[in-house]
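Colleague:
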Amino acid sequence: MLAFKFAYKNLIGAGLRTWLNVSVLSFAFVVIVFYNGMLDGWNRQGRSDTVAWETGNGQYWHPLYDRYDPFSLQDAHAAITSEAEKLVKENQLTPMLITQATAYPQGRMLNVMLRGIDPNQKILLIPSASLNPQNGEIPALIGKRMAESAHLKKGDHVLIRWRDINGTFDAREVLIIDIFKSNVPTVDVNQVYIPLTTLQEMTGMKKEATLLVAAATLNNTGIKGWAFKDTKFLLKDFDEMINAKKGGSRILYLLLLSIALLAIFDTQVLSIFRRQKEIGTYIALGMTRAQVIRLFTVEGSAHSILALILGSLYGIPLMLFINNYGIPMPKSADQAGVAISEKIIPFYSFGMLVSTILLVVISATIVSYFPTRRISKMKPTDALKGKIQ
Amino acid sequence: MRNFEIIKIENLAKRFHMGEGDFTALRDINLTFSKGEFTGLVGPSGSGKTTLLNIIGSLDNPTEGKAIVLGNSVSELTHKQSAVLRNFHIGFIFQTYNLLPVYTVFDNVEFALLLQKHSATERQKMVMEALDWVGLADKANSKPAQLSGGECQRVSIARAMVKRPEIVLADEPSANLDATNSHHIIQTMKKLNRELNTTFIFATHDEKVMQYLDRIIHLKDGMVEKDEIMPELKTKSHVSL
Ligand SMILES: Nc1ncnc2c1ncn2[C@@H]1O[C@H](COP(=O)(O)OP(=O)(O)OP(=O)(O)O)[C@@H](O)[C@H]1O
Ligand SMILES: [Mg+2]
């Protein structure tokens with residue numbers, strides 16, 4: 027406690043240099059918190075968007091389905107069992123049939139996934155309700171990105187060619203009945219949604235599905251013949267991307283933190299060099315060298331406490347302001363193929379704050395301690411003379 | 017009744033390692049100091065005054081022989097023990113005052129008491145009393161930078177005396193002061209020496225200081241050249257006998 031009192035006085039007494047160090051460290055602290063907050067905010071938004079639009083609360087897959095291998099779709103379909111059918115009726119599950127197809131917008135060729143979705147489903151945010159049967163035409167729903175890349179507008183017709191259950195090619199025109207907007211690129215890019223029954227008829231896969239999407243209310247009971255995939259599995263790609271981003275930003279902010287720590291280290295080295303006489307006096311007054319070392323270490327690491335206070339002083343209002351407006355994301359971020367909203371609202375978790383505070387305090391303490399070790403090699407008589415060693 | 021011996025130096029030598037060989041700063045020193053002495057180590061520059069004071073203050077160890085301070089052989093103390101010896105029993109006064117610049121006068125004087133773990137009310141009382149001794153109670157909240165040299169040295173006297181040590185070691189305490197201030201601080205120390213029976217040992221060249229001393233130990237080339245008891249002390253000790 028004594029060391030804290032002295033350290034505080036010495037640090038405040040050191041004036042401008044202290045505040046420079048504290049400012050730089052507080053800046054590093056705020057940037058780390060902000061960066062992590064942004065990624066965590068993105069993570070949370072992205073996950074909840076992906077769950078809401080794509081994965082649901084887990085999915086039951088046909089055992090042969092492989093999301094990375096479109097060729098698996100040829101065999102990955104089976105009749106919806108009566109057990110599953112019951113859950114579909116209770117709105118706990120919604121089936122989806124997926125098949126590879128080729129679209130020919132304006133004479134160009136585009137590989138797409140043709141997804142049969144139940145127009146009455148409420149589990150995913152895909153606005154499937156708009157897939158009302160049109161007089162004789164097949165209604166199709168696409169996302170904004172797909173619409174842009176294929177130059178399709180609402181009301182356009184586009185030719186789709188697919189293979190039926192026997193491998194025979196067939197082709198028909200579909201009517202773009204609506205274009206939806208989603209933060210989740212994977213439900214949009216190269217995806218075409220048509221009514222489930224229509225796709226089942228087109229492919230000859232009557233009452234069949236590739237996968238069943240679970241509602242949030244469904245407790246995973248396990249359905250015979252279908253393999254359950256939880257959200258952890260389904261969000262693997264997203265998590266990996268976030269982790270990669272975190273890794274990248276970690277390098278950035280560790281660099282920033284290093285600069286701040288270097289400034290503290292430098293101050294410590296200098297102050298131990300310049301304050302030899304003071305060190306000698308402390309010893310003459312009856313401090314042990316260990317106590318003097320503790321004093322200087324606490325003094326150095328107290329930079330971090332001041333930095334936390336200063337950082338909060340300007341960081342909290344800044345972050346509240348940002349949270350009010352969100353951070354606009356560049357359009358190019360969308361190209362990464364993972365969920366990202368137009369605006370990210372940073373999220374600051376208690377754990378992240380605590381670990382950042384610990385990182386700052388502990389690292390400041392370590393860099394403060396190292397230069398003080400030379401005190402233990404100092405002779406008090408030399409220190410009192412202020413001799414250069 | 018005799019004043020008992022509080023410092024005993026036996027066959028002491030101190031050598032420093034220099035480039036090729038050793039440099040002898042002190043040799044064949046045999047001295048005893050009694051409680052309540054007001055003694056000066058006098059001698060030319062480089063004669064070993066500071067070196068001897070440092071050893072008595074257990075800031076340094078003798079190369080040979082013994083320095084026994086309050087019953088402790090300096091060279092046999094651990095770091096911690098010698099820190100305790102200094103903290104409780106020895107006050108230092110330096111030529112350059114060595115006040116801690118960021119602390120107030122009060123804090124500077126209080127420092128040693130904080131290490132001794134006195135209660136806040138005790139500390140308050142003791143610090144103010146010590147500042148009274150040196151006539152600086154009204155400057156308790158000033159910073160050293162706001163004080164004159166003489167005032168700074170009086171603060172450092174208060175700092176040395178606040179813990180009521182048995183021994184005060186003062187290395188050229190008047191060297192940076194003018195005549196008036198020199199007399200003033202020596203008189204202050206002399207008064208405390210009488211009232212509290214504290215042993216003072218000075219290292220000095222200063223004639224003004226010497227006229228107050230009870231005993232003068234002349235050092236030359238690291239040896240005791242002469243050890244003279246001043247007349248005043250003779251009469252005084254005669255009276256007290
Ligand atoms: N750490 C050291 N290393 C080497 N030599 C030293 C060291 N300290 C003191 N000396 C030498 O020992 C001798 C005595 O030094 P000391 O400081 O005791 O002299 P002094 O009597 O106090 O002189 P002054 O009146 O100038 O203060 C000097 O010649 C000095 O150079
Ligand atoms: Mg000297």
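These protein sequence lines map, in sequence, to chains A and B.
Position 282 (the first sequence) corresponds to 308 in this note's numbering; numbering is contiguous.
Position 236 (the second sequence) corresponds to 252 in this note's numbering; numbering is contiguous.
Each residue gets a CB set at the ideal place from its N, CA and C atoms; glycine is no exception.
For chain B, find out if any of its Cβ atoms is closer than 9 Å to the Cβ of L311/A; answer yes or no.
Modeller: As a first step, residue 311/A must be located in the first sequence, where it is residue number 285. For L311/A, the answer is yes, since a Cβ of chain B falls inside 9 Å of its Cβ.
Colleague: Between which two residues does the alpha helix (DSSP H) harbouring R320/A extend?
Modeller: On the first sequence, position 294 is the one that residue 320/A refers to. Residues R315 to Y351.
Colleague: Of the choices P89/A, A173/A and F347/A, whose alpha-carbon is the least far from that of I202/A?
Modeller: Taking the first sequence and counting its residues from 1, the one referred to as residue 202/A is at position 176. Looking at the Cα atoms, A173/A is the closest of the given residues.
Colleague: Rounded to a whole number of angstroms, what is the C-alpha to C-alpha distance between T66/B and K411/A?
Modeller: Start at 1 with the first residue of the second sequence, and residue 66/B comes out as number 50. Start at 1 with the first residue of the first sequence, and residue 411/A comes out as number 385. Rounded to the nearest angstrom, the two C-alpha atoms are 11 Å apart.
Colleague: Let me confirm a value: E199/A is counted as buried when at least 16 other C-beta atoms fall within 10 Å, else exposed. Which label applies?
Modeller: Counted from its first residue, the first sequence places residue 199/A at position 173. Under this definition E199/A is an exposed residue.
Colleague: So what does DSSP say about P96/A, is it helix, strand or coil?
Modeller: On the first sequence, position 70 is the one that residue 96/A refers to. The answer is helix: DSSP assigns P96/A an H, G or I state.
Colleague: For N114/B, go through chain A and note every residue whose CB falls closer than 7 Å to its CB, in chain order.
Modeller: By 1-based counting over the second sequence, the position of residue 114/B is 98. Residues of chain A passing the Cβ test: K303 and T307.
Colleague: Please report how far the alpha carbon of H103/A lies from the alpha carbon of E234/A, in whole angstroms.
Modeller: Within the first sequence, residue 103/A is the residue found at index 77, counting from 1. Within the first sequence, residue 234/A is the residue found at index 208, counting from 1. Using only the alpha carbons, I get a separation of about 6 Å.
Colleague: Can you grab the Cα-Cα spacing for the pair Y130/A / N158/A, in whole Å?
Modeller: Numbered from its first residue, the first sequence carries residue 130/A at position 104. Numbered from its first residue, the first sequence carries residue 158/A at position 132. The alpha-carbon atoms of Y130/A and N158/A are separated by roughly 23 Å.
Colleague: For Y91/A and F195/A, I'd like the C-alpha separation in whole angstroms.
Modeller: As a working mapping, residue 91/A is identified with position 65 in the first sequence. As a working mapping, residue 195/A is identified with position 169 in the first sequence. If you take the alpha carbons of Y91/A and F195/A, they lie about 21 Å apart.
Colleague: For the beta strand (DSSP E) containing I186/A, list its first residue and its last residue.
Modeller: Taking the first residue of the first sequence as 1, we reach residue 186/A at position 160. Residues H183 to R189.
Colleague: Would DSSP call W252/A helix, strand or coil?
Modeller: Here the question's residue 252/A lines up with position 226 in the first sequence. It is coil, neither helix nor strand.
Colleague: In chain C, which residues lie less than 8 Å from A128/B when you measure between Cβ atoms?
Modeller: Here the protein chains are A and B, and chain C is not one of them.
Colleague: Would you say K221/B touches ligand 1, meaning its beta carbon is less than 8 Å from a heavy atom?
Modeller: Position 205 of the second sequence holds residue 221/B. Reading off the sequence, residue 221/B comes out as His, not Lys. Yes, ligand 1 has a heavy atom inside 8 Å of this Cβ.
Colleague: I'd like to know if S253/B contacts chain A, where contact means its C-beta is closer than 9 Å to some C-beta of that chain.
Modeller: Taking the second sequence and counting its residues from 1, one reaches residue 253/B at position 237. Model confidence at S253/B stands at a pLDDT of 43, short of 50, so the residue's coordinates are unreliable and nothing is read from them.
Colleague: Whose beta carbon lies closer than 5 Å to any heavy atom of ligand 1, going through the chain in order?
Modeller: In chain order, the hits are F32/B, A41/B, S61/B, G62/B, S63/B, G64/B, K65/B, T66/B and T67/B.
Colleague: Compute the minimum distance between the beta carbon of D187/B and the heavy atoms of ligand 2, and state whether it is under 8 Å.
Modeller: For the purposes of this step, residue 187/B is taken as the residue at position 171 of the second sequence. Within the cutoff, so yes.
Colleague: How long is the line joining the alpha carbons of D101/A and G181/A, rounded to whole angstroms?
Modeller: Along the first sequence, read from residue 1 onward, the residue named residue 101/A stands at position 75. Along the first sequence, read from residue 1 onward, the residue named residue 181/A stands at position 155. The alpha-carbon atoms of D101/A and G181/A are separated by roughly 33 Å.
Colleague: Got a sec? Which residues, its chain only, sit under 8 Å from L93/B by beta carbon, not counting five neighbours each side?
Modeller: By 1-based counting over the second sequence, the position of residue 93/B is 77. Result list for L93/B: S74 and L101, in chain order.
Colleague: Would you say G341/A and V59/A are within 9 Å of each other, going by their C-beta atoms?
Modeller: Translated into positions along the first sequence, residue 341/A becomes position 315. Translated into positions along the first sequence, residue 59/A becomes position 33. Yes, they are a contact pair.
Colleague: Starting from K35/A, find everything on chain B with Cβ-Cβ shorter than 8 Å and list it in chain order.
Modeller: Working through the first sequence from its first residue, we reach residue 35/A at position 9. Here the neighbours are V118, Y119 and D123.
Colleague: Taking I383/A as the reference, which of L51/A, R320/A and I38/A has the closest Cα?
Modeller: Position 357 of the first sequence holds residue 383/A. Of the listed residues, the one whose Cα sits closest to I383/A is L51/A.
Colleague: Check G81/B in the structure and name its three-state DSSP category.
Modeller: In the second sequence, the residue the question calls residue 81/B occupies position 65. Reduced to three states, the DSSP call for G81/B is strand.
Colleague: Under three-state DSSP, which class holds R231/B?
Modeller: Walking along the second sequence from the start, residue 231/B turns up at place 215. Three-state DSSP puts R231/B in a strand.
Colleague: Could you say if the region 182-193 of chain B and the region 136-145 of chain B meet the contact criterion of at least three C-beta pairs nearer than 8 Å?
Modeller: They do not touch, by the three-pair rule.
Colleague: Fully enclosed by the region 79-125 of chain B, which alpha helix (DSSP H) runs are 4 residues long or longer?
Modeller: Correct list: 95-105.
Colleague: Sort I245/B, S164/B, Y228/B and F218/B by Cα distance to G59/B and report the nearest one.
Modeller: Walking along the second sequence from the start, residue 59/B turns up at place 43. Checked all of I245/B, S164/B, Y228/B and F218/B; the closest Cα to G59/B is F218/B.
Colleague: R300/A to H199/B, Cα distance in whole Å?
Modeller: Here residue 300/A is taken as the residue at index 274 of the first sequence, counted from 1. Here residue 199/B is taken as the residue at index 183 of the second sequence, counted from 1. The alpha-carbon atoms of R300/A and H199/B are separated by roughly 32 Å.
Colleague: Quick test of the definition: if touching needs 3 or more C-beta pairs under 8 Å, does the region 20-30 of chain B touch the region 313-329 of chain A?
Modeller: Touching, no.
Colleague: Name, please, each residue of chain A whose Cβ falls closer than 7 Å to the Cβ of F108/B.
Modeller: Counting from one through the second sequence, the residue named residue 108/B turns up at place 92. Within 7 Å Cβ-Cβ: A310.
Colleague: Who are the neighbours of V100/B on chain A, taking C-beta pairs under 8 Å?
Modeller: Taking the second sequence and counting its residues from 1, one reaches residue 100/B at position 84. Within 8 Å Cβ-Cβ: G312.
Colleague: Report the neighbours of G73/B on chain A: residues whose CB is nearer than 8 Å to its CB, in chain order.
Modeller: Within the second sequence, the letter at position 57 stands for residue 73/B. Per Cβ cutoff of 8 Å: A310.
Colleague: Comparing alpha-carbon positions, which option in V121/B, I71/B, F49/B and G151/B lies nearest N197/B?
Modeller: Taking the second sequence and counting its residues from 1, one reaches residue 197/B at position 181. When each option's Cα is compared against that of N197/B, the closest is G151/B.
Colleague: Give the interface partners of G352/A over in chain B, defined as CB-CB distance under 9 Å, in chain order.
Modeller: If you number the first sequence from 1, residue 352/A lands on position 326. Correct list: empty, because the minimum Cβ distance to chain B is about 45 Å.
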